[in-house]
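At the far end of the sequence shown sits residue 93, using this note's numbering, and the numbering has no gaps. So the structure is just underneath, and the comments pick up after that.
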Amino acid sequence: MTFRIFVIGICCLFMVACSKITQENYNRLKAGQSKTEVEEILGKPADCSGALGLSSCTWGDKNSFISVQYVNDKVVMYAGQGLR
10 MTFRIFVIGI CCLFMVACSK ITQENYNRLK AGQSKTEVEE ILGKPADCSG
60 ALGLSSCTWG DKNSFISVQY VNDKVVMYAG QGLR
């Protein structure tokens with residue numbers, strides 16, 4: 010049982026260490042990038058919504074996230090919080 014908890018803890022540590030929600034990746038974002046280019050940097054978003062050519066996607070959680078706003082699938086604004 011103790012070994013199982015240890016293995017689960019190590020797996021969680023690796024998952025956090027491999028997060029793409031970092032200051033380095035945030036710095037790679039630029040206005041005008043396509044949605045595909047952003048997803049190459051950050052992976053698939055946790056949440057997206059929008060209508061009429063406008064959309065907003067978020068990666069991460071409430072404590073550490075990157076949010077990107079698009080017009081016609083091109084970045085117009087982006088913000089981040091809790092990045093390391």
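Idealized CB from N, CA, C, for every residue including glycine.
Problem - Supposed close pair residue 52, residue 83 - CB separation, criterion 8 Å - result: Their Cβ separation, rounded to whole angstroms, is 19 Å, which puts residue 52 and residue 83 out of contact at 8 Å.
Handout entry: Three-state secondary structure (DSSP) of residue 39
Key = Residue 39 falls in the coil class under three-state DSSP.
Exercise for the section: Leaving out five residues on either side along the sequence, give the residues of the same chain with a beta carbon under 6 Å from the beta carbon of residue 85. Expected result: Residues 78 of the same chain have their beta carbon placed closer than 6 Å to that of residue 85, with the five preceding and five following residues left out of the count.
Exercise for the section: For my contact list, residue 69 and residue 81 are in at a C-beta cut-off of 8 Å; report their separation, rounded to the angstrom. Expected result: About 24 Å separates the Cβ atoms of residue 69 and residue 81, ruling out a contact at the 8 Å cut-off.
Handout entry: Reduced DSSP category for residue 83 - H, G, I as helix; E, B as strand; rest coil
Key = DSSP places residue 83 in strand when its eight states are reduced to three.
Handout entry: Beta-bridge pairing of residue 64 - partner residues as DSSP gives them
Key = The partner list for residue 64 (beta bridge, DSSP) reads 59, 79.
Problem - Cβ neighbour criterion (16 or more within 10 Å) applied to residue 23 - result: Residue placement at residue 23 cannot be trusted, given a pLDDT of 45 that sits under 50; what the coordinates show is reported in the next sentence. Exposed, since its Cβ has fewer than 16 Cβ neighbours within 10 Å.
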